[in-house]
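J.: Using the numbering used here, you'd call the opening residue of the sequence shown number 68 and step up by one each time.
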Amino acid sequence: MSVVALPVRTPPAARPDGADPRRSRSRATVTVDLAAGPLSPRVVRLLDLLGELAESGEGRLESGEGRAGPPVTEPRRAEAHPDEVIIHAGSRVVRHRGRVVPLTRIEYDLLLFLAERPRTVFTRLQLLAAVWGYEHAVMRTVDVHVRRLRAKLDTAVVTTVHGVGYRLADEAHVLVAHSY
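#1: Taking all protein chains shown into account, decide if H229 is buried (16 or more other Cβ within 10 angstroms of its Cβ) or exposed.
#2: Does A244 come out as helix, strand or coil in the three-state DSSP assignment?
#3: Taking 7 Å as the threshold (beta carbon to beta carbon), is K219 in contact with chain D?
#4: With H163 as the anchor, note down where its alpha helix (DSSP H) starts and where it stops.
#5: Return the chain-ordered list of same chain residues with a C-beta closer than 8 Å to the C-beta of D210, the five sequence neighbours on each side being excluded.
#6: For H212, count neighbouring Cβ atoms within 10 angstroms of its own Cβ and tell me buried if that reaches 16, exposed if not.
#7: Given E183, which residues of its chain have a CB within under 7 Å of its CB, disregarding the five upstream and five downstream residues?
#8: Quick one: grab the DSSP three-state call for T171.
#9: If you draw a straight line from the C-alpha of R186 to the C-alpha of L114, how long is it?
#10: Look at the alpha carbon of Y201 and the alpha carbon of G165, and state the distance between them as a whole number of angstroms.
#11: Grab me the residues of K219's own chain with a C-beta within less than 6 Å of its C-beta, minus the 5 sequence neighbours each way, in chain order.
Encoded structure:
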């Protein structure tokens, strides 16, 4: 990971146009280039802090390859459900009840796969092929990961369809944010 930070310029004490110097804007740019693989807790915290700055209006996150773009903060909604699970697909961060939920790679991939395909039932074999990338494993592996995911999220996100497999629960409040 590389981080580039430009220093914040201090505004002049008095401006010739008579504008209040406290109202002038300073600018700091932080670029975070993330390597492939799991994020360390410190990097997750950095991304959380940047997101909090952007949401508060104190900072603005921009997208693009070295060019300014639209803010990439989470879309504003009228009111979030208290049990809402937010999946930040870009940073692989999952938030629930205001906290980051530490998930393994498979748990995250399983949750994202189901969240992107609501109201669709998947057999254990289909999930092994789609999430794990192979079918040569004990199908109970899926059961174990679903159980761990339910325990970590402490809410009904995945529903068992007896005799068939699993799907995202109808009552699950899951938002997939593709930018962050």
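Every residue gets a Cβ at the ideal spot worked out from N, C-alpha and C, and that includes glycine.
T.: Here's the rundown:
#1: exposed
#2: strand
#3: Annotation note: the requested chain D is absent from the structure, which comprises a single protein chain.
#4: No alpha helix (DSSP H) contains H163, which is instead part of the beta strand (DSSP E) from V160 to H163.
#5: R191
#6: buried
#7: V243
#8: coil
#9: 31 Å
#10: 34 Å
#11: V168
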